[in-house]
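Heads up, the thing below is written out as structure tokens.
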Amino acid sequence: MSTRGNPAGADIRPVWALMAQYRQYLIVALILVCIAIALHFNLVYGIETVYTHFFYLPIILAAIWYYRKAVFLALFLAGLHIYLGIEATGSIVPSTIIRAIMFVAVAAVIGTLSGAREELFESVRKSEERLRSIFNGVSDAIFIHRLDGSIIEVNDRMLQMYGVTEGEARRLSIKQDYSSPANPLDELDRVWKRVISGDDQIFEWLARRPHDGFTFPVEVYLRKIRLGENDVILATVRDISIRKRAEEERNRLAENLRLLLESTDEGIYGIDTMGRITFINRSAAEMLGYGAEELIGLDAHGLAHSKYPDGSPFPAEACPIQKSVKTGEGVRVSDEVYWRHDGTCFPVEYSSTPIREEDKITGAVVIFYDITARKRTERELHDAKTRAELYVDLLGHDINNLNQQGIGYLEVAMDTLDLDEDSSNTLRRALDAMKNSSALIQNVRKIQQIEAEKHLHEIIDLGQLLSTVAATFTDVPGRKVTINYQPVTACCVNASVLIKEAFYNLVSNAVRHSTGPVTIWIKVSETEDRGKRFYRVDVEDTGPGIPDELKKKLFSRKVRGTSRTAGTGLGLFLVKSLVDDAGGSVWVEDRIPGNHTHGSRFVVMLPKHGDQRSHA
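Reading the sequence shown from the start, the letters are residues 53 to 668 in the numbering used here.
If you want it as structure tokens, here you go:
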């Protein structure tokens, strides 16, 4: 129905606002009009009764707009009224005084009431502003619906979330405009009925922005509340896009972890602080003879770890896994067994790592391996090592004794028999072969000793060691050997006592693999490599040299030189083993770069011990 032309239905608020805007001028005009009327009726007609009622107009308006300040206007008009009464009648009549008092009383009463009303309105306005600020300041979108579903009010967050204006927000429909078609829209009517009946509803929904159709996940909370005289539905909508992405990422990581756990051969399970299994992978369950789902919540120690290998009880308080949960320190054990569902046991190596959440231990992760095959291999290796040691002992003792006897007989024969040159050469070659055999046996025993005493090092005076080696070759029967070595002092390395054999082999090779006179230089210097100090020992000779194709593989087990003297292939392998054991390195190069026929240079690098300085 239209209200145009109907004063009763007209909205007078714009008129009142216009009057308030120009209230000063309006009151002044009314005062002037009232004074003019008073003067006219009082002085011209001698009437003072009717006109005074006009004075109430400016007094009432002033009291409404200016509150108690209207009393000053009332006093002025009361004084004017008394003055005009005296002018008209020549005396002061009681009715004039009473009317003047009424002016002031009306101004005081209406001004007081208007002031109180304005204070109340201001309080309500501020309260409404605070509520509106809270309403618009929350991070969730808020809808207020009538029971029929139409929208009464929304907050600013709703306008931002859905990208609509305030007018559009009220006009559009929840089902058709604000919801994705992917939702179970038929369910919405049933949810609405449950809310109207008084049951709060909370559910996830796929919201839709009306203008661009963009959809996003939300959490909706519906509740019926009383607003004034009417029941309404309060809907709170929270954008959970970030939470959903986090859940998806967490699920993805959990799935990756599950796949990782299921793809490994190691047994992996988790326990809580009570020792109960919280998760277990397929490999662990299969090794124990169970299905993974059977084990969740069971006591891990009682299930698979409660007995020693001999079947005697293994108390939980003695279990390293339980101790790691209590102490917060990880453990690794390799000499215990786990028990299967069928009552058999198998040797395991396991580690237990405590789980910490916010500095609180909440359990542990246990990783274990079935080391049955490894134990079998270890036994086989031990047996093979025992047999090998037996063979080496046999070779080193019995066979070497036979060699020494043979060497003795050959030497006696050469010294006592009158042999021609061919026979003498034959015996000499036989003697050399026997000596080489003995040297081979000694090298084998030394290699065995290196392996047995690996990393058993002591401080070695390198200068004194090299002096001893050099002195050994100063008088070689039938050969002219010149050793050039300038002794050094305070050059200490940390190595096996057998390191002497490395330098002995290098000098011995220089003598054996050359013919005629040979000169050998032994040089010691201090150098640095990648921030670490080393002693470099160069052993140079004037022998036949080593071809480039042999240099890189010369220290391998079966590589032999190309000189006239046959070797066993163990000498340089022994050198490399000793140098490696000391943390050093060894290589060979040409004495004269680019020409291998003029002799070789073997370079040995050994880490310097302490902070001693070498000096000649």
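Idealized CB from N, CA, C, for every residue including glycine.
Computed from a predicted structure; not experimentally measured.
Quick check: the stretch 166-180 against the stretch 124-138, are there 3 or more CB pairs under 8 angstroms? No, the stretch 166-180 is not in contact with the stretch 124-138.
Measuring straight from C-alpha to C-alpha, what distance separates Glu299 and Arg177? Near 44 angstroms, if we compare the C-alpha coordinates of Arg177 and Glu299.
Pick from Asp241, Asp324, Asn207 and Ile285: whose alpha carbon is nearest that of Thr405? If we check each option's Cα against that of Thr405, Asp324 comes out closest.
Can you tell me which residues form a DSSP beta bridge with Glu510? Glu510 is bridged to Ala547.
If we count the other Cβ atoms within 10 Å of its Cβ and call it buried at 16 or more, is Asp251 buried or exposed? By the neighbour-count definition (other C-beta atoms within 10 Å, threshold 16), Asp251 is an exposed residue.
The beta strand (DSSP E) spanning Ile329 covers which residue range? Here the beta strand (DSSP E) through Ile329 covers Ile329 to Ile332.
What number of angstroms, rounded off, separates the C-alpha of Met466 from the C-alpha of Gly458? Between the alpha carbons of Met466 and Gly458 lies a distance of about 12 angstroms.
Just list the residues that DSSP pairs Gln24 with in beta bridges. Here the chain has residues from 53 to 668 only, and residue 24 is not among them.
N- and C-terminal bounds of the alpha helix (DSSP H) containing Met24: Since the first residue shown for the chain is 53 and the last is 668, residue 24 is missing from the structure and cannot be characterised.
Under 8 angstroms between C-beta atoms of Pro367 and Cys397: A distance of 8 angstroms or more separates the beta carbons of Pro367 and Cys397.
Beta-carbon contacts of Arg198 that lie in its chain and below 8 angstroms, excluding the five residues immediately before and after: The residues Ile204, Asn282, Val284 and Ile285, in chain order, have a CB closer than 8 angstroms to that of Arg198 in the same chain once the five nearest residues on each side in sequence are set aside.
Are there 16 or more other CB atoms within 10 angstroms of the CB of Gln374, so buried, or fewer, so exposed? Residue environment analysis places Gln374 among the buried positions, since at least 16 neighbouring C-beta atoms fall within 10 angstroms of its C-beta.
For Val400, which option in Ala193, Asp422 and Gly415 has the closest C-alpha, if you only look at C-alpha atoms? Put simply, of Ala193, Asp422 and Gly415 the residue whose alpha carbon is nearest the alpha carbon of Val400 is Asp422.
Excluding the 5 residues preceding and the 5 following Phe268 in the sequence, name in chain order all residues of the same chain whose CB lies nearer than 7 angstroms to its CB. Cβ within range, chain order: Ala259, Asp291 and Ser293.
CA nearest to the CA of Gln538, picked from Phe525, Ile574, Ser548 and Pro569: Ranking Phe525, Ile574, Ser548 and Pro569 by Cα distance to Gln538 puts Ile574 first.
Range covered by the beta strand (DSSP E) that runs through Leu658: DSSP places Leu658 in the uninterrupted beta strand (DSSP E) bounded by Asn647 to Pro659.
Of all the alpha helix (DSSP H) runs that stay within the bounds of the stretch 187-254, which reach a length of 4 or more residues? Listed in chain order, the complete alpha helix (DSSP H) runs (minimum 4 residues) inside the stretch 187-254 are 208-214, 218-223 and 237-248.
Compute the Euclidean distance between the alpha carbons of His434 and Phe525, then round it to the nearest angstrom. Per the coordinates, the alpha-carbon of His434 lies some 41 angstroms from the alpha-carbon of Phe525.
Run of the alpha helix (DSSP H) containing Ala306, from where it starts to where it stops: Where Ala306 is concerned, the enclosing alpha helix (DSSP H) stretches over Ser293 to Ser315.
To which residues does DSSP link Cys397 through a beta bridge? Looking at the DSSP output, Cys397 sits in a beta bridge with Trp391.
Please confirm whether Ser376 and Ala416 have their CB atoms less than 8 angstroms apart. Yes, the pair counts as a contact, with Cβ atoms nearer than the cut-off.
How is Asp484 classed by DSSP in three states: helix, strand or coil? Asp484: helix per DSSP, three-state reduction.
For Ile254, is the classification buried or exposed, using 16 other Cβ atoms within 10 angstroms of its Cβ as the cut-off for buried? Its Cβ having fewer than 16 others within 10 Å, Ile254 is exposed.
Tell me whether Tyr119 sits in a helix, a strand or coil according to DSSP, three-state version. Looking at Tyr119 - three-state DSSP - the assignment turns out to be helix.
Could you pull the start and end residues of the alpha helix (DSSP H) that Lys378 belongs to? Lys378 -> alpha helix (DSSP H) spans Pro372 to Thr379.
Applying the 10 Å Cβ sphere with the 16-neighbour rule, what's the burial state of Leu313? Under this definition Leu313 is a buried residue.
Pairs of beta-carbons, one from the stretch 641-650 and one from the stretch 547-566, closer than 8 angstroms: are there three or more? The stretch 641-650 vs the stretch 547-566: no contact.
8 angstroms Cβ cutoff met for Ile194 and Asn207: Yes, Cβ-Cβ distance for Ile194 and Asn207 is below 8 angstroms.
In angstroms with no decimal places, state the Cα-to-Cα distance between Asn557 and Asp317. Straight-line spacing of the CA atoms in Asn557 and Asp317 works out to 48 angstroms.
What's the call for Ala126, buried or exposed, on a 16-neighbour Cβ count within 10 Å? Its Cβ being crowded by 16 or more others within 10 Å, Ala126 is buried.
Which residues in the same chain have their Cβ closer than 6 angstroms to the Cβ of Met657, if we skip the five residues on either side of it in sequence? These residues qualify, in order along the chain: Phe586, Arg588, Gly636 and Ser637.
Closest to Ile144 by CA distance: which of Ala157, Val156 and Ala130 is it? Among Ala157, Val156 and Ala130, the Cα nearest to that of Ile144 belongs to Ala130.
Could you pull out every residue in the same chain whose Cβ sits closer than 6 angstroms to the Cβ of Glu256, ignoring the five residues on either side in sequence? Same-chain partners within the cutoff: Glu271.
Does DSSP classify Pro110 as helix, strand or coil? When secondary structure is reduced to three states using DSSP, Pro110 falls in the helix class.
With distances taken Cα to Cα, identify the nearest neighbour of Gln494 among Leu471, Asn453 and Gly583. The residue with the shortest Cα to Cα distance from Gln494 is Asn453.
Select from Met326, Gly319, Ser364 and Ser358 the residue whose C-alpha is nearest the C-alpha of Ala344. Of the listed residues, the one whose Cα sits closest to Ala344 is Gly319.
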